[in-house]
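Numbered per mature numbering (1 follows the signal peptide of the UniProt record, and there is no 0), the sequence shown spans residues -19 to -1, 1 to 595.
Think of the CB as a built atom: it goes at the ideal place given N, C-alpha and C, for glycine as much as any other residue.
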Amino acid sequence: MKSAPVLAILSLLPAGSFASWAGNINYLSPSMHHPSLGISIRRVAKRNVPGTEYTPQQLNFTHGVASGDPHASSVILWTRAAPMMHSVNDDGAVTGLSPMFWHGPEVTSTAPVCVEWKVAKDKAMKETVCNGKAYTSSDIDFTVKVEAKHLKPFTNYYYQFNICNSNIKSPIGRTKTAPGENDHLARARFAVYSCAFYAYGYFNAYGQSARKDSVDYVLHLGDYIYEYARYGYTGEGPDIDRIPQPEHELFTLYDYRERFATHRTDEDLLLSHRMFPWIATWDDHEVANNAWRDGHFKMNNTENSFIEDDPVTVGQRKMNAVRAYFEWMPIRQVDMDDNLRIWRSTAFGDLVDLVMLDTRHYDRSITTLWYNDDYISKISGEPNRSQMGPRQESWFFRQLSESHKRGATWRLVGSQTVFSYLNLTDPSEPDEPNFRLDAWQGYTASRNRTLHHLYSNNIPNNIVLAGDSHASWVSDLVWLNSTDPDPRPEDHPDYDPRTGRGSIGVEFASTSVASPGIGGWDPKREETQAKSDLFVKTNPSLQWTDQHHRGYMELDISHEKVKTTYFGIPSVLSRNRKEIQMAQFVVYKDENKVHRPAGGYNTKSGSAKKYPKV
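In structure tokens, the structure reads:
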């Protein structure tokens, strides 16, 4: 349902303008309860006078197509229909026409772009099931986002855009709706990605699931872009022709738009978006490193910080980043009752409920900023510290309880950061930065309240998915006995690492698409293997880790089990199709632990616990 402010604006427009302007969701605010963050449809529509439109020959679909946030009867479709050329009329040396990919404030034209779209049952686009028209403009970076409705549940569809009154067409995309909440679903398959640093390598991992056509949906756990300047954290960018634009750190809306556009030139990312519907959430770098409610690594909401650190306030920078994210990602408006909410849930029939969290920007307490590690370590267990904020936490617990009550077999939780307790102390590197404090480990009260809710309400079959750490981890989901800094309640079961008894679920944490892990952009195998061996040895609930590879994971979910396969990308310094199957794990229904095979875990990389099945 549209909010009252949106309906009021639309009522002032001519009848014929309603579908074409309001049909583009990107003119709306990311938050239904904050219409001021949107673009005035009335103001933009008034500029649409005859003769001002671009001609079709001036336009093209510059960044592919995408779909996302599938529901049982609808899905979001996305593209960008932008001017390829613009007239240059100045006193400089450049004359005539020149390429235009500029996302900045110097708008060369306010002319609208008219786009038609359709959805079909077949790839030839002959059996049309729905279609429509939408306008876009420089106000929203020429992006187009529409909702295709009246579709059938759990069904593949094809879609395409074209410039109005022309034969200029976008690539054909494929998408899939979700099953109905009460439908019986035998199987669902997900690819899980996070952390794609453009300057550190090619996004080969995105293309692998698409080329294999091995999943139904893509889950992205954040760090889709990074905000760093070229010389702030560049990796191999100059040597492999991967220099992100703009070259300075991101602050303005135009900065964030241009960085998204840079990422959308990667061929494997374009392929994944074209092949699968995405369900995405953000991590910290979509705004800034180690972001929290009132600041981030470099800046906080103080006058001194505003003067010395950034050219914008924390709030303005966050709004700029969120506006660009909303424009460029195939994501819906969430029915928001809070500011900048992205946390949401999706039911996949009676098989699985997916809960996507925001453990970064929404309402989390101050995190580690590297110089305050000792302080954060001291307060990490305080009960008033929160990873999610009280409103999101209450909603999260309701989702878990309602999912169990309605009879969904599995609960899948998308968390940006690693949930499990990890002891990563390395005696040989005492000064190594402690990323654990930026994860749930820096908010032990939040983590323990979550575990307490699961244990106390006997909610089984919980799978936590995490990204952020640039490494692969598999852990039983437990409240540890002696190694956890907070004491375990007496009424919760002991955990036996040998058998997994006492676990309430499993965490699968995925490595990065291209962002560096231990050892930087060129890790040495002996170093990463030594780290993997150490971490498995010193962490009772950790069953396997690989500290070496970039990559991704795929989940194959049935009512009987969840099978998770980890894939590693040997090199991201060139575009290639090479991958290895690093490891595979199974969680059986109602066992609430990683299954211990009699012959040991099926791993080809990293380090795994070694004990026989009991």
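Contacts around Glu230, its chain only, beta-carbon distance under 7 Å, and the 5 residues preceding and following it disregarded | For this step, residue 230 is matched to residue 249 along the sequence shown. These residues qualify, in order along the chain: Glu208, Tyr209, Ala210, Gly213.
Where does Leu381 sit, in a helix, a strand or coil, going by DSSP?
-> Within the sequence shown, numbered from 1, the residue matching residue 381 stands at position 400. It is helical.
Under the rule that 16 or more other beta-carbon atoms within 10 Å means buried, what is Gly77, buried or exposed?
-> Residue numbering aside, residue 77 sits at position 96 when the sequence shown is read from its first letter. With a pLDDT of 33 at Gly77, under the threshold of 50, the modelled position of that residue is not reliable, and the figure given next carries that caveat. Result: exposed.
Tell me the DSSP bridge mates of Val333?
-> The sequence position of residue 333 within the sequence shown is 352, counting from 1. Under DSSP, the beta-bridge partners assigned to Val333 are Phe329, Trp391.
Could you check what DSSP says for Ser427 in three-state terms: helix, strand or coil?
-> For the purposes of this step, residue 427 is identified with residue 446 of the sequence shown, where counting begins at 1. Residue state, collapsed to three classes: helix.
Run the CB neighbour count on Pro311, radius 10 Å, all protein chains shown included, and call it buried at 16 or more, exposed below.
-> Along the sequence shown, read from residue 1 onward, the residue named residue 311 stands at position 330. Its Cβ being crowded by 16 or more others within 10 Å, Pro311 is buried.
For Gly362, the nearest candidate out of Ile347, Gln373, Trp376, Trp324 (CA to CA) = Your numbering for residue 362 matches position 381 in the sequence shown. Looking at the Cα atoms, Ile347 is the closest of the given residues.
Do the segment 510 to 520 and the segment 193 to 204 make contact, defined as three or more Cβ pairs closer than 8 Å?
-> Between the segment 510 to 520 and the segment 193 to 204, the count of Cβ pairs shorter than 8 Å is below three; the stretches do not touch.
How long is the line joining the alpha carbons of Val336 and His342, rounded to whole angstroms?
-> On the sequence shown, position 355 is the one that residue 336 refers to. On the sequence shown, position 361 is the one that residue 342 refers to. Each residue's alpha carbon lies about 17 Å from the other.
Completely contained beta strand (DSSP E) runs for the segment 147 to 214, where each covers 3 or more residues = The segment 147 to 214 contains these whole beta strand (DSSP E) runs: 154 to 157, 168 to 174, 198 to 201.
Should the segment 497 to 514 be called in touch with the segment 525 to 532, which here means at least 3 C-beta pairs below 8 Å?
-> Yes, the segment 497 to 514 touches the segment 525 to 532.
Check Glu239 in the structure and name its three-state DSSP category.
-> Within the sequence shown, residue 239 is the residue found at index 258, counting from 1. Glu239 falls in the helix class under three-state DSSP.
Rounded C-alpha distance that separates Tyr544 from Phe489 = Against the sequence shown, residue 544 aligns to sequence position 563. Against the sequence shown, residue 489 aligns to sequence position 508. First, the residue type needs correcting, since residue 544 is Lys and not Tyr in the sequence shown. Each residue's Cα considered, the two are about 11 Å apart.
Check whether the Cβ atoms of residue 598 and Ser586 lie closer than 8 Å to each other.
-> Since the first and last residues shown for the chain are -19 and 595, residue 598 lies out of range.
Per DSSP, Lys544 is paired with what?
-> Here the question's residue 544 lines up with position 563 in the sequence shown. Looking at the DSSP output, Lys544 sits in a beta bridge with Asp537, Val567.
Secondary structure at Ala302, three-state DSSP: helix, strand or coil?
-> Residue mapping note: residue 302 aligns to position 321 of the sequence shown, counting from 1. Shown here, Ala302 sits in a helix according to DSSP, grouped into three states.
Can you tell me whether DSSP reads Gln562 as helix, strand or coil?
-> As a first step, residue 562 must be located in the sequence shown, where it is residue number 581. The answer is strand: DSSP assigns Gln562 an E or B state.
Reference Ser118; option with closest CA among Cys176, Ala101, Leu40 | Taking the sequence shown and counting its residues from 1, the one referred to as residue 118 is at position 137. Of Cys176, Ala101, Leu40, the smallest CA-CA separation from Ser118 is found for Leu40.
Same chain only: Cβ atoms within 6 Å of Lys299, ignoring 5 sequence neighbours per side | Counting from one through the sequence shown, the residue named residue 299 turns up at place 318. For Lys299, the CB contacts under 6 Å within the same chain, skipping 5 residues up- and downstream, are Val268 in chain order.
Validate contact between the segment 321 to 340 and the segment 364 to 381 using beta carbons, cut 8 Å, 3 pairs | Under the three-pair Cβ rule at 8 Å, the segment 321 to 340 counts as touching the segment 364 to 381.
Would you kindly report the start and end of the unbroken beta strand (DSSP E) that includes Val517?
-> Position 536 of the sequence shown holds residue 517. Not the beta strand (DSSP E): Val517 falls in the alpha helix (DSSP H), residues 506 to 519.
Under 8 Å, do residue 616 and Glu97 count as touching if we go by C-beta distance?
-> The requested residue 616 does not occur in the structure, where the chain is confined to residues -19 to 595.
Residues near Ser463 by beta carbon distance below 6 Å, same chain, minus five either side | One-based indexing of the sequence shown puts residue 463 at position 482. Residue placement at Ser463 cannot be trusted, given a pLDDT of 42 that sits under 50; the coordinates are not used to answer.
Determine contact between the segment 438 to 451 and the segment 381 to 400, defined as no fewer than three beta-carbon pairs at a distance below 8 Å.
-> By the Cβ rule, the segment 438 to 451 counts as touching the segment 381 to 400, because three or more pairs are nearer than 8 Å.
Among the residues of its own chain, which have a CB less than 7 Å from the CB of Leu251, if the five just before and after it don't count?
-> Working through the sequence shown from its first residue, we reach residue 251 at position 270. Here the set comprises Gly45, Arg245.
Ser48 classed as buried or exposed, judged by whether at least 16 other C-beta atoms fall within 10 angstroms = Taking the sequence shown and counting its residues from 1, the one referred to as residue 48 is at position 67. Buried, since its Cβ has 16 or more Cβ neighbours within 10 Å.
Measuring alpha carbon to alpha carbon, tell me which of His52, Glu162, Arg558, Gly4 ends up nearest Pro258.
-> Position 277 of the sequence shown, counted from the first residue, corresponds to residue 258. Looking from the CA of Pro258, the closest CA among His52, Glu162, Arg558, Gly4 belongs to His52.
Indicate whether Leu554 and Gly218 have their beta-carbon atoms separated by less than 8 Å.
-> Translated into the one-based positions of the sequence shown, residue 554 becomes position 573. Translated into the one-based positions of the sequence shown, residue 218 becomes position 237. It is not a contact, given that the beta carbons lie outside the stated cut-off.
Under 8 Å, do Ala447 and Thr398 count as touching if we go by C-beta distance?
-> Start at 1 with the first residue of the sequence shown, and residue 447 comes out as number 466. Start at 1 with the first residue of the sequence shown, and residue 398 comes out as number 417. Contact: yes.
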